[in-house]
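One structure below.
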Amino acid sequence: MTRRPVDVRTGRAERPGGTERRPGRPERPGRPVAPWVRTRLRTAPGAAVAFGVLVLITAFLMAVLPRAVDAYESEGLRRDIGGAPPGATVLGLSAPQPGLEIPRSAREEAMRPAALSAVHRKVLASLPAPVRADAAESAYGVRTSEALTGTDTWLPRPDGIGPRFTLAAQSELAAHAGVRGGRLPAAGGRVTAETKEVEAAATTATARVMRLRVGSVIRLSGPTGSTALSVRITGIVEPRRPQGSYWSAEPVLRTPGLAVLPSAPPQYRWEAGLLLAPGAAPALLGTQAMPERYWRLAPDTTGLAAQDTPALLREVTSLESGPGLLRMREIAGGTAVLSTGLETVLGSHLAARAAITRIVTVAAFGIGAVAAVVLAMAGALVAARRAGELALLRSRGGSLRGIGGRLLAETAVIALPAAGAGLLLALLAVDEARLLPAVWGASGVALLACAALPVRAVLLHRRPRAHDDRDDLVRARPGRRRTVAELTLLALAVASVVALRRRGASGSGDLLVSAAPVLVSLIAALVLVRLYPLPLRWAARPAARLRGAIGFLSLARAGRSSATGALPLLALLIALTTAAFGGSVLAGVADARDRAALLAVGADARVSTEGEATALPANAERAVRNTAGVEEVTAVRIEWTAELAPDANRTGADAGAGAGADARKPLTLIGVEPGSYSRLARQLDLGAFPAGVLKDTGGVLNAVASPGVAARLGTAPRRIASPAGEITVRITAVRPRTPAAPRSEFLLVDRAGLEHAGPTTLLATGEALDARALRAAALGAGPELDVRLRSEERAALTGSPLQSGAERIYAAAVAAGAAYAVIALVLSLLQSAPERSTLLARLRTMGLTRRQGRQLLGLEALPQALLAAGGGILVGWATIRLLAPGIDLARLAVAAAPALAPVQDVSLRTDMWSLALPAAGVVALAGAVAAGQAWWAGRRGSITELRAGDTR
Numbered sequence: 002m003t004r005r006p007v008d009v010r011t012g013r014a015e016r017p018g019g020t021e022r023r024p025g026r027p028e029r030p031g032r033p034v035a036p037w038v039r040t041r042l043r044t045a046p047g048a049a050v051a052f053g054v055l056v057l058i059t060a061f062l063m064a065v066l067p068r069a070v071d072a073y074e075s076e077g078l079r080r081d082i083g084g085a086p087p088g089a090t091v092l093g094l095s096a097p098q099p100g101l102e103i104p105r106s107a108r109e110e111a112m113r114p115a116a117l118s119a120v121h122r123k124v125l126a127s128l129p130a131p132v133r134a135d136a137a138e139s140a141y142g143v144r145t146s147e148a149l150t151g152t153d154t155w156l157p158r159p160d161g162i163g164p165r166f167t168l169a170a171q172s173e174l175a176a177h178a179g180v181r182g183g184r185l186p187a188a189g190g191r192v193t194a195e196t197k198e199v200e201a202a203a204t205t206a207t208a209r210v211m212r213l214r215v216g217s218v219i220r221l222s223g224p225t226g227s228t229a230l231s232v233r234i235t236g237i238v239e240p241r242r243p244q245g246s247y248w249s250a251e252p253v254l255r256t257p258g259l260a261v262l263p264s265a266p267p268q269y270r271w272e273a274g275l276l277l278a279p280g281a282a283p284a285l286l287g288t289q290a291m292p293e294r295y296w297r298l299a300p301d302t303t304g305l306a307a308q309d310t311p312a313l314l315r316e317v318t319s320l321e322s323g324p325g326l327l328r329m330r331e332i333a334g335g336t337a338v339l340s341t342g343l344e345t346v347l348g349s350h351l352a353a354r355a356a357i358t359r360i361v362t363v364a365a366f367g368i369g370a371v372a373a374v375v376l377a378m379a380g381a382l383v384a385a386r387r388a389g390e391l392a393l394l395r396s397r398g399g400s401l402r403g404i405g406g407r408l409l410a411e412t413a414v415i416a417l418p419a420a421g422a423g424l425l426l427a428l429l430a431v432d433e434a435r436l437l438p439a440v441w442g443a444s445g446v447a448l449l450a451c452a453a454l455p456v457r458a459v460l461l462h463r464r465p466r467a468h469d470d471r472d473d474l475v476r477a478r479p480g481r482r483r484t485v486a487e488l489t490l491l492a493l494a495v496a497s498v499v500a501l502r503r504r505g506a507s508g509s510g511d512l513l514v515s516a517a518p519v520l521v522s523l524i525a526a527l528v529l530v531r532l533y534p535l536p537l538r539w540a541a542r543p544a545a546r547l548r549g550a551i552g553f554l555s556l557a558r559a560g561r562s563s564a565t566g567a568l569p570l571l572a573l574l575i576a577l578t579t580a581a582f583g584g585s586v587l588a589g590v591a592d593a594r595d596r597a598a599l600l601a602v603g604a605d606a607r608v609s610t611e612g613e614a615t616a617l618p619a620n621a622e623r624a625v626r627n628t629a630g631v632e633e634v635t636a637v638r639i640e641w642t643a644e645l646a647p648d649a650n651r652t653g654a655d656a657g658a659g660a661g662a663d664a665r666k667p668l669t670l671i672g673v674e675p676g677s678y679s680r681l682a683r684q685l686d687l688g689a690f691p692a693g694v695l696k697d698t699g700g701v702l703n704a705v706a707s708p709g710v711a712a713r714l715g716t717a718p719r720r721i722a723s724p725a726g727e728i729t730v731r732i733t734a735v736r737p738r739t740p741a742a743p744r745s746e747f748l749l750v751d752r753a754g755l756e757h758a759g760p761t762t763l764l765a766t767g768e769a770l771d772a773r774a775l776r777a778a779a780l781g782a783g784p785e786l787d788v789r790l791r792s793e794e795r796a797a798l799t800g801s802p803l804q805s806g807a808e809r810i811y812a813a814a815v816a817a818g819a820a821y822a823v824i825a826l827v828l829s830l831l832q833s834a835p836e837r838s839t840l841l842a843r844l845r846t847m848g849l850t851r852r853q854g855r856q857l858l859g860l861e862a863l864p865q866a867l868l869a870a871g872g873g874i875l876v877g878w879a880t881i882r883l884l885a886p887g888i889d890l891a892r893l894a895v896a897a898a899p900a901l902a903p904v905q906d907v908s909l910r911t912d913m914w915s916l917a918l919p920a921a922g923v924v925a926l927a928g929a930v931a932a933g934q935a936w937w938a939g940r941r942g943s944i945t946e947l948r949a950g951d952t953r
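Each residue of the sequence shown is one higher than the one before, counting from 2 in my numbering.
Okay, here's the thing in structure tokens:
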């Protein structure tokens with residue numbers, strides 16, 4: 002079959018016989034031989050798949066990051082509200098008893114369950130969003146605001162003082178308690194203000210402490226001493242959810258407690274609660290206990306998101322003292338008030354979240370920046386590999402718009418589905434988070450991935466190029482525009498860093514804080530990329546005089562590195578800085594938690610009697626010492642109520658020290674064995690001192706004191722009175738902390754000088770303490786011994802979702818930074834791989850051995866890797882020093898247990914491992930890639946590499 006000739010102008014077959022088309026008839030457009038996009042994708046399928054995977058991973062990271070932040074912030078908000086004491090989060094609406102000007106029958110009706118229930122339903126319906134109440138844990142009723150005193154002699158009376166009872170007629174008792182004996186209380190007949198005997202139920206804890214049983218009758222008196230009410234116990238109940246708001250909003254209804262009276266010496270009195278039948282509430286009007294109506298609304302955190310926090314705080318404040326309170330008064334009465342501690346919980350949560358967000362944003366900004374640079378590098382690599390093809394198209398009349406449009410379509414076919422898949426994976430990975438930030442993140446990645454190659458190609462081929470010029474630092478001198486642009490960026494970056502350093506990093510949400518690693522990396526990249534070829538060229542001159550050619554060739558080629566090396570260097574610097582910053586944050590948090598746990602316990606383990614008020618059993622020290630894992634045990638005696646004894650011999654300045662109120666202020670007196678205790682303090686780095694400091698001198702005990710106690714007692718001998726006996730002490734050393742009392746002021750003496758020297762506390766150390774064995778040993782020595790472990794206190798510090806979420810993000814930031822550093826290094830080496838392979842093939846034709854080839858490529862890649870590693874260490878150190886004054890690691894470290902002692906000096910510190918390991922990994926990877934390329938080039942052979950015009 003004979004093929005028709007083809008017209009070179011139109012690309013179509015000519016008509017037989019050379020006939021022309023008929024005049025006046027429109028010419029039908031010819032169909033191209035093959036679509037551009039399909040042809041390009043079939044030509045390089047591996048590169049297309051790699052690019053798609055890169056876009057997918059980057060889109061996933063940029064989409065999942067905001068969703069992860071939303072998720073842990075929402076969980077942290079719900080955990081902070083749900084984990085706070087119910088008394089601090091419940092919305093307590095209360096109204097006093099109706100006024101005496103109202104008829105007695107109306108007053109009684111207002112106290113009955115029907116009226117209270119109607120108000121409760123209206124209050125629940127009128128709560129403004131996002132304030133929601135948990136109806137199951139909410140309660141309403143009538144209670145006595147002034148407790149009544151039990152007059153029966155059989156009730157427990159510490160110090161001879163009768164107990165006080167709070168009476169509450171609370172709703173839904175049957176739904177929240179199980180009957181353990183008897184029955185639930187009932188209102189027999191119609192209870193009025195004249196009723197003098199009612200039925201009540203007591204919890205098992207109240208019955209046990211107050212010696213109550215079914216049938217017991219308690220006579221209660223008011224302030225005047227006359228019998229106000231008699232209460233008959235009809236049932237003993239067990240709370241079903243004792244920690245819920247129903248029972249814990251007013252804990253005295255669940256568990257009795259000892260109250261300390263303001264007297265000298267202190268006196269104690271029991272306080273307990275009794276639960277009446279709801280219908281018995283009018284009987285409280287006949288007492289002087291100031292009964293009040295109440296509606297306790299437990300907050301419902303289901304569905305509460307972090308974005309609701311400002312609105313929640315605003316509405317809670319309005320309910321306390323704003324328009325919301327006016328609405329509540331329209332329902333419950335004009336004298337109703339609403340009180341809650343929920344705004345305090347929300348304020349603490351917002352403060353912790355702001356401090357943690359400021360740290361997390363630095364990691365997010367760094368990862369976003371390095372991801373953007375890596376995507377730009379991927380586009381630059383493709384543009385460099387196809388420079389000849391694009392130059393040919395440009396020289397044959399291709400327009401910039403046409404070339405850019407084809408390249409945009411080519412990349413969009415890959416990038417858009419990959420970005421969509423990354424977004425979908427992020428949505429599946431994290432639930433209960435906002436959609437829009439994830440969409441914006443994935444869209445930004447898709448836009449950058451689509452635009453990187455076309456923009457790079459258009460900029461390189463603005464003018465047609467007849468041939469490829471050398472693109473190294475010898476010939477590719479930066480133009481004036483580029484120099485001005487670099488100087489402008491440099492000036493802006495330096496000005497931003499200086500402003501940040503002067504102002505500090507205390508501003509919440511400040512972009513300067515977030516961009517600090519990127520700004521410092523940009524400065525370093527712009528400076529280093531201009532300077533580093535100079536020392537290499539200087540080093541090449543003496544290397545040229547050596548016998549071998551490897552050193553000279555490697556230095557010469559490294560000094561002529563591609564002019565586009567600023568992007569790889571910038572990517573490596575940002576990645577290394579982000580990894581170093583993240584590692585320093587994690588290391589700082591770990592150190593702060595270790596320190597906080599140590600300050601809470603004072604050693605690896607602490608064994609003591611309850612309140613450290615009595616001496617330990619005689620065999621306790623031996624039992625603890627013989628426990629597996631215990632290396633050393635230090636016995637101490639702690640007296641928390643020591644005080645200055647009257648001393649008439651003091652004169653002058655010392656006579657005024659501790660006068661007045663200070664003289665009656667308690668001291669913490671600690672008796673120790675000097676040798677073992679000094680070793681413990683030195684081992685734990687808590688106020689170490691020489692053992693000889695506590696040496697007895699003529700009846701006066703030398704002492705080590707905290708700064709506050711030293712300023713109070715002075716330097717003269719002072720008499721100290723305590724349950725351990727009276728002693729005379731002289732302060733000879735001052736230390737800020739000590740293991741026995743790391744959170745308080747103290748006075749440390751030799752235990753041998755005390756009259757009662759029996760130890761009250763054991764401080765144990767050991768690398769692998771067995772908590773179960775230690776508690777078993779303590780239980781065998783005495784059933785009332787308390788055991789606290791440093792490891793358990795340390796574990797309690799990691800329970801906050803804000804902490805764990807931020808730590809996960811930082812761990813992911815470190816991993817992502819390292820991964821992007823690897824990608825940036827590989828892309829940088831791949832961009833110049835064909836040139837190096839060709840050079841290696843040519844040199845092998847001249848006698849270069851394979852070993853010398855590996856040395857040449859390794860030495861050529863080494864300077865750039867060393868530059869990136871050294872620059873990464875320098876930039877990471879500078880960034881940490883820059884941000885350290887404004888970074889509050891204490892919030893991130895101990896937010897889960899704010900009651901622990903404040904940890905001082907918890908600032909961001911340079912972690913050398915976080916700086917050195919990623920940098921060393923870059924150098925090792927560069928050497929491995931160079932060796933791998935040399936091995937692969939040796940397998941292919943020189944003929945394949947030197948074929949003219951072959952771009953494979």
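For each residue, glycine too, the CB sits at the ideal point set by N, CA and C.
Assumed close pair residue i, residue j - CB separation to whole angstroms, cut-off 8 Å
i, j, result
"residue 496", "residue 875", "Between residue 875 and residue 496 the Cβ distance is about 20 Å, and since that is not below 8 Å, they are no contact."
"residue 109", "residue 286", "7 Å"
"residue 679", "residue 690", "6 Å"
Boundaries (first-last residue) of the alpha helix (DSSP H) holding residue i
i, result
"residue 81", "46-84"
"residue 385", "343-386"
"residue 680", "675-685"
"residue 514", "512-515"
"residue 744", "Segment: none, residue 744 is in no alpha helix (DSSP H) and carries neither H nor E."
Cβ shell of residue i (< 7 Å), same chain only, five flanking positions each side left out
i, result
"residue 318", "344"
"residue 782", "618, 620, 621, 624"
Counterpart residues of residue i in DSSP-defined beta bridges
i, result
"residue 296", "94, 141"
"residue 240", "178"
"residue 690", "Paired residues: none, contrary to the question."
"residue 811", "DSSP lists no partner for residue 811."
"residue 912", "According to DSSP, residue 912 bridges with nothing at all."
"residue 200", "233"
"residue 701", "698"
"residue 766", "633"
"residue 426", "DSSP, once it has assigned bridges, lists no residue as partnering residue 426."
Close beta carbons around residue i, own chain, < 6 Å, minus the five adjacent residues each side
i, result
"residue 208", "237"
"residue 790", "606, 772"
"residue 641", "669"
"residue 291", "146, 147"
Extent of the continuous beta strand (DSSP E) run through residue i
i, result
"residue 151", "149-151"
"residue 340", "338-340"
"residue 609", "606-609"
"residue 644", "633-645"
"residue 275", "268-277"
> Does the region 155-170 come close enough to the region 266-282 to have 3 or more Cβ pairs within less than 8 Å?
Replying inline: yes
> Counting Cβ pairs closer than 8 Å, one from the region 866-886 and one from the region 569-581, do we hit at least three?
Replying inline: yes
>> Whether or not the region 45-63 and the region 436-455 are in contact is what I'm after, with contact meaning three or more pairs of Cβ atoms, one per stretch, closer than 8 Å; do they touch?
In response: yes
> Does the region 214-225 come within contact of the region 294-312, defined as at least 3 CB pairs closer than 8 Å?
Replying inline: no
>> For the pair the region 221-231 and the region 69-81, tell me if three or more CB-CB distances fall below 8 Å.
In response: no
> Contact between the region 821-830 and the region 372-389: three or more CB pairs below 8 Å?
Replying inline: The region 821-830 makes contact with the region 372-389, as at least three CB pairs between them are under 8 Å.
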